[in-house]
């Protein structure tokens, strides 16, 4: 068993004592100080935004994350969806993944996608039914493919670090998209077909035609359906149109719109679209499904959960820059995958001070079990909130 980053980069292997503690935790045989020790260790791992990779197989690494049961407040290990199963007899294979996923498929479709594994975002053309892929005849497999597009977008946001803000990590828009393209190179559309080879990061007619030309000339897809990806910051997705400043009429898509958190939010949005012919034998390429995540601004692709967050979130960014000028480095992170409280923002400083905040009037999910959790809605004004956050991190300086 080893600790890994969410980018799949290795951190270190577990010591025999740590592995023994982990097995006891999973089997439910720990009690007293040993159980407390295991919970503290796992909480530290979760706080560092790291995962566990199991060595039970030689050909692949099953990956586990430390999850929090929002109803009971207890920690548990959960096998990541879309990663390999454990070897028979492995103590970490005992989980409720299949049952839980069936129940949560509609409400929480997004899951972290492992790099270097074929994405299978779009199924091959149906052989013996109407070619309409958007009707009521969609199979469960097609629904999973549709959901994987949002999972992919959120995975790229998290892996590229767009969900993290600190003054010393600030990047312009060109650098932010460069990070996304770099991450895309680790994700193959099909075996040995990196997504970055068939990805355009600008949504306009010129770049759609460029992608279409590459796809039509490609031989790497074999008998599989040719498809690529379009990624851009857009103004809004309305009906079945993606609207941005480069087209008055917008760009049509014929599939489904997947949006983060199950609720539509106004733009700007970071949008990812599948681009492919809708029917077998067609040379007309179009956008199929679209996934979108609201972002802070067209220049700053930090994810936003609801429109009401934008004003206080911009104030937090400004405050973090001000504190950096005073010698206090504060990092703000928004977990976008696997979190029980998806609107939660985690702020931490180089002095080991950690503050959890919710910017919504009604926070989503269970309240974090920590004394340093604050709701923006509990403050009288934005200025009062700013002063509290500044005081929290600047005290004793």
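Residue numbers (the working numbering): 195 to 591.
The beta carbon of each residue, even a glycine, is placed where N, CA and C say it ideally should be.
- By the 16-neighbour rule on beta-carbons within 10 angstroms, residue 526 is buried.
- Taking the Cα of residue 317 as reference, the smallest distance to any Cα among 577, 498, 574, 343 is reached at 343.
- Exclusion of the five residues before and after residue 523 leaves 544 as the residues of its chain whose Cβ lies within less than 6 Å of its Cβ.
- Residue 498 carries a coil assignment under DSSP once its states are collapsed to helix, strand and coil.
- With distances taken between CA atoms, residue 439 lies nearest to 398 out of 465, 496, 476, 398.
- The alpha-carbon of residue 578 is positioned some 30 Å away from that of residue 243.
- With respect to the 8 Å criterion, residue 510 and residue 466 are not classified as neighbours on the basis of their beta carbons.
- By the neighbour-count criterion, in which a residue is buried when 16 or more other Cβ atoms sit within 10 angstroms of its Cβ, residue 386 is exposed.
- Within a 10 Å sphere around the beta-carbon of residue 449 sit 16 or more other beta-carbons, which makes this residue buried.
- Counted as a single uninterrupted DSSP element, the stretch harbouring residue 570 is not any alpha helix (DSSP H), since DSSP gives it neither H nor E.
- In this structure residue 470 is in contact with residue 482, their Cβ atoms being roughly 6 Å apart against a cut-off of 8 Å.
- Within the region 372-439, the complete alpha helix (DSSP H) segments of 4 residues or longer fall at 399-411, listed in chain order.
- The three-state reading of DSSP puts residue 451 in strand, counting E and B together.
- In the three-state reduction of the DSSP assignment, residue 506 falls in the helix class.
- Contact check between the region 196-209 and the region 244-258: three or more CB pairs, one atom from each, fall below 8 Å, which counts as touching.
- Around the beta carbon of residue 478, fewer than 16 other beta carbons lie within 10 angstroms, which makes this residue exposed.
- For the options 254, 423, 446, the alpha carbon positioned closest to that of residue 434 is the one of 446.
- Cβ atoms of residue 369 and residue 378 stay farther apart than 8 Å, at about 15 Å.
- A straight-line Cα-Cα distance of about 44 Å links residue 486 and residue 211.
- Excluding the 5 residues flanking it on each side, residue 393 has same chain C-beta neighbours closer than 7 Å at 375, 378, 422, 423, 425, in chain order.
- Pairing residue 346 with residue 313 gives a Cβ-Cβ distance under 8 Å.
- In the three-state DSSP reduction, residue 530 falls in the coil class, being neither helix nor strand.
- Residue nearest to residue 496 within the set 519, 512, 518, 464 is 464 (criterion: CA-CA distance).
- The shortest C-alpha to C-alpha distance from residue 475 to any of 575, 420, 568 is the one to 420.
- Between residue 352 and residue 514, the C-beta gap is not smaller than 8 Å, which leaves the two residues out of contact.
- Rounded to whole angstroms, the separation of the alpha carbons of residue 286 and residue 567 is 32 Å.
- Here residue 237 has no same chain residue with a Cβ atom under 6 Å from its own Cβ, once five neighbours each way along the sequence are excluded.
- Per DSSP, reduced to three states, the secondary structure at residue 481 is strand.
- The beta-carbon distance between residue 257 and residue 277, rounded to whole angstroms, is 4 Å. This is short enough to meet the 8 Å contact definition.
- Taking the CA atoms as reference points, residue 550 sits about 13 Å from residue 560.
- Taking 8 Å as the cut-off, the Cβ atoms of residue 269 and residue 221 do not count as close.
- Sequence-distant Cβ neighbours of residue 359 in its own chain, meaning closer than 7 Å and more than five residues away, are 496, 511, 514, 526.
- Per DSSP, the beta bridge partners of residue 466 are 425, 485.
- Put simply, the backbone Cα of residue 198 is about 22 Å away from that of residue 541.
- For residue 558, the three-state secondary structure derived from DSSP is coil.
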